[in-house]
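A.B. asks: Going down the list, the sequences are from chains Z and Y. With this note's numbering applied, the first sequence has no gaps in its numbers, which climb one by one up to 169 at the end. With this note's numbering applied, the second sequence has no gaps in its numbers, which climb one by one up to 169 at the end. I have a structure here, written as structure tokens, and I will follow up with some questions on it.
Number of protein chains: 2
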Amino acid sequence: MTMTIGKLAQRAGVGIETIRFYERKGLIETPLRTASGYRQYSEAVVRRLQFIRRAKELGFTLNEIKELLSLKTSAGVTCASVKQKAEKKIADIDGKLRSLRRMKRALVDLTQTCNGDSSLDECPILNAMDEGGPLE
Amino acid sequence: MTMTIGKLAQRAGVGIETIRFYERKGLIETPLRTASGYRQYSEAVVRRLQFIRRAKELGFTLNEIKELLSLKTSAGVTCASVKQKAEKKIADIDGKLRSLRRMKRALVDLTQTCNGDSSLDECPILNAMDEGGPLE
DNA sequence: ATTGACTCTGTAGTAGGGTACTGGCTTTAG
DNA sequence: CTAAAGCCAGTACCCTACTACAGAGTCAAT
Numbered sequence: 034m035t036m037t038i039g040k041l042a043q044r045a046g047v048g049i050e051t052i053r054f055y056e057r058k059g060l061i062e063t064p065l066r067t068a069s070g071y072r073q074y075s076e077a078v079v080r081r082l083q084f085i086r087r088a089k090e091l092g093f094t095l096n097e098i099k100e101l102l103s104l105k106t107s108a109g110v111t112c113a114s115v116k117q118k119a120e121k122k123i124a125d126i127d128g129k130l131r132s133l134r135r136m137k138r139a140l141v142d143l144t145q146t147c148n149g150d151s152s153l154d155e156c157p158i159l160n161a162m163d164e165g166g167p168l169e
Numbered sequence: 034m035t036m037t038i039g040k041l042a043q044r045a046g047v048g049i050e051t052i053r054f055y056e057r058k059g060l061i062e063t064p065l066r067t068a069s070g071y072r073q074y075s076e077a078v079v080r081r082l083q084f085i086r087r088a089k090e091l092g093f094t095l096n097e098i099k100e101l102l103s104l105k106t107s108a109g110v111t112c113a114s115v116k117q118k119a120e121k122k123i124a125d126i127d128g129k130l131r132s133l134r135r136m137k138r139a140l141v142d143l144t145q146t147c148n149g150d151s152s153l154d155e156c157p158i159l160n161a162m163d164e165g166g167p168l169e
């Protein structure tokens with residue numbers, strides 16, 4: 034019950050090139066080959082690609098996903114280390130959220146002081162960025 | 034009262050290479066040169082680099098900053114077009130915020146079902162990513 | 001047997017925002 | 001005067017996550 038790379042790509046919802054790229058990056062194992070050199074994949078690889086897709090949706094980078102996957106095959110590793118990585122990722126996300134909220138507040142303040150009618154010389158937005166407004 | 038590129042870099046808090054990079058990108062004007070070819074900068078360029086830094090902090094890309102700067106020197110452009118760009122940027126930021134909040138919610142849910150004591154086979158985080166948990 | 005779809009390797013390009021290096025001048029401090 | 005520090009142009013390289021070829025071999029259907 035093996036499949037070629039095109040079938041795998043279709044099943045997993047990714048591009049063929051992406052699969053070969055993941056192979057080069059070490060995210061999926063080097064597959065068995067047919068006599069003529071075609072890659073042969075099992076169902077398990079479909080699941081692995083879906084795992085990668087989900088982890089990406091959760092904001093993990095490919096390198097982090099590689100770490101998660103290597104945890105799975107390491108001896109003596111418990112679920113706790115996975116949880117720890119997830120918690121670190123939550124902290125990262127919190128940092129990004131804070132930074133974006135700061136940006137947004139500054140921009141909202143600026144657009145509110147701006148009536149849109151001033152000449153460019155008096156534009157509060159440009160001036161605030163020029164002179165150092167409520168930022169930093 | 035002109036300065037060389039190193040001094041400018043120091044004053045503006047950016048790297049020398051970054052200044053030359055901005056010059057290539059058209060974010061700062063091509064400066065006058067000394068007889069021996071050294072770039073000569075005025076105070077105005079310090080302010081421009083600070084403008085660029087602030088705008089980056091607000092989440093504008095270099096291309097967007099270039100547009101903002103070109104608005105400043107275009108005739109017949111009012112403050113309204115600047116305000117409009119800022120508002121579009123606010124909408125972009127809202128989109129990113131929504132996406133990050135979704136990620137965080139999913140990760141928090143996962144870490145809460147995980148006691149950290151399970152074996153890896155039973156790790157709720159890995160399983161959720163493997164099998165399709167509360168995502169999508 | 002031939003056509004068309006599929007796969008192979010290897011290399012290069014994309015965007016964004018820089019950083020690093022090479023080899024050769026110039027300027028400045030001692 | 002000399003040595004160190006600073007500058008020049010041009011090019012290559014970093015990261016992320018792919019994507020796009022080119023040219024050649026393979027497989028399935030007709």
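Backbone N, C-alpha and C define an ideal beta-carbon position, used for all residues, glycine too. Computed from a prediction, not measured in an experiment: that's the story for all the values here.
With Y:Val115 and Y:Leu130 assumed to form a contact (beta carbons below 8 Å), what rounded beta-carbon distance in angstroms separates them?
C.D. replies: Mapped onto the second sequence, residue 115 of chain Y falls at position 82. Mapped onto the second sequence, residue 130 of chain Y falls at position 97. Their Cβ separation, rounded to whole angstroms, is 23 Å, which puts Y:Val115 and Y:Leu130 out of contact at 8 Å.
A.B. asks: Is Y:Leu65 helix, strand or coil by DSSP?
C.D. replies: Working through the second sequence from its first residue, we reach residue 65 of chain Y at position 32. Of the three classes helix, strand and coil, the one that applies to Y:Leu65 here is strand, per DSSP.
A.B. asks: Go ahead and pull the three-state DSSP assignment for Z:Gly166.
C.D. replies: Mapped onto the first sequence, residue 166 of chain Z falls at position 133. Low confidence applies here, because Z:Gly166 scores a pLDDT of 39, under 50, leaving its location unreliable; read the following figure in that light. Correct three-state label for Z:Gly166: coil.
A.B. asks: In whole angstroms, what is the alpha-carbon distance linking Y:Glu120 and Y:Lys99?
C.D. replies: Taking the second sequence and counting its residues from 1, the one referred to as residue 120 of chain Y is at position 87. Taking the second sequence and counting its residues from 1, the one referred to as residue 99 of chain Y is at position 66. Distance between the alpha carbons of Y:Glu120 and Y:Lys99: 17 Å.
A.B. asks: Output needed for Y:Gly59: all residues of its chain with C-beta closer than 8 Å, excluding positions within five of it in sequence on either side, in chain order.
C.D. replies: Locating residue 59 of chain Y in the second sequence gives position 26, counting from the first residue. Contacts found: Lys99.
A.B. asks: Less than 9 Å separating the beta-carbons of Y:Val79 and Y:Arg57?
C.D. replies: The residue labelled residue 79 of chain Y in the question sits at position 46 within the second sequence. The residue labelled residue 57 of chain Y in the question sits at position 24 within the second sequence. No, these two residues do not count as a Cβ contact at 9 Å.
A.B. asks: When you compare the CB of Y:Val47 with every CB in chain Z, is at least one pair closer than 9 Å?
C.D. replies: Position 14 of the second sequence, counted from the start, is the residue given in the question as residue 47 of chain Y. No - not a single Cβ of chain Z is within 9 Å of the one on Y:Val47.
A.B. asks: Output, in sequence order along the chain, the residues in the region 127-143 of chain Y whose CB is closer than 8 Å to any CB in chain Z.
C.D. replies: Asp127, Lys129, Leu130, Leu133, Arg134, Met136, Lys137, Ala139, Leu140, Val141, Leu143
A.B. asks: Report all residues from its chain with a CB closer than 6 Å to the CB of Y:Gly166; omit the five preceding and five following residues, and keep chain order.
C.D. replies: If you number the second sequence from 1, residue 166 of chain Y lands on position 133. Unreliable placement is indicated for Y:Gly166, whose pLDDT of 39 sits below 50; no coordinate value is reported for it.
A.B. asks: Write down the C-beta distance between Y:Gln73 and Y:Leu65 rounded to the nearest angstrom, noting that I regard them as a contact closer than 8 Å.
C.D. replies: Here residue 73 of chain Y corresponds to residue number 40 of the second sequence, with the count starting at 1. Here residue 65 of chain Y corresponds to residue number 32 of the second sequence, with the count starting at 1. Rounded, the Cβ-Cβ distance is 5 Å, consistent with contact.
A.B. asks: Name the chain Z residues that come within less than 9 Å of Y:Thr111, Cβ to Cβ?
C.D. replies: Locating residue 111 of chain Y in the second sequence gives position 78, counting from the first residue. Within 9 Å Cβ-Cβ: Gly149, Asp150, Ser151, Ser152, Leu153, Cys156.
A.B. asks: Let me know the secondary structure DSSP gives Y:Met34 once reduced to three states.
C.D. replies: Here residue 34 of chain Y refers to the residue found at position 1 when the second sequence is read from its first residue. Coil.
A.B. asks: In the DSSP output, what is Y:Arg72 paired with across the bridge?
C.D. replies: Taking the second sequence and counting its residues from 1, one reaches residue 72 of chain Y at position 39. Y:Arg72 pairs with Y:Arg66.
A.B. asks: Does the region 124-144 of chain Y come into contact with the region 131-142 of chain Z, if we say contact requires no fewer than three beta-carbon pairs (one atom in each stretch) closer than 8 Å?
C.D. replies: yes
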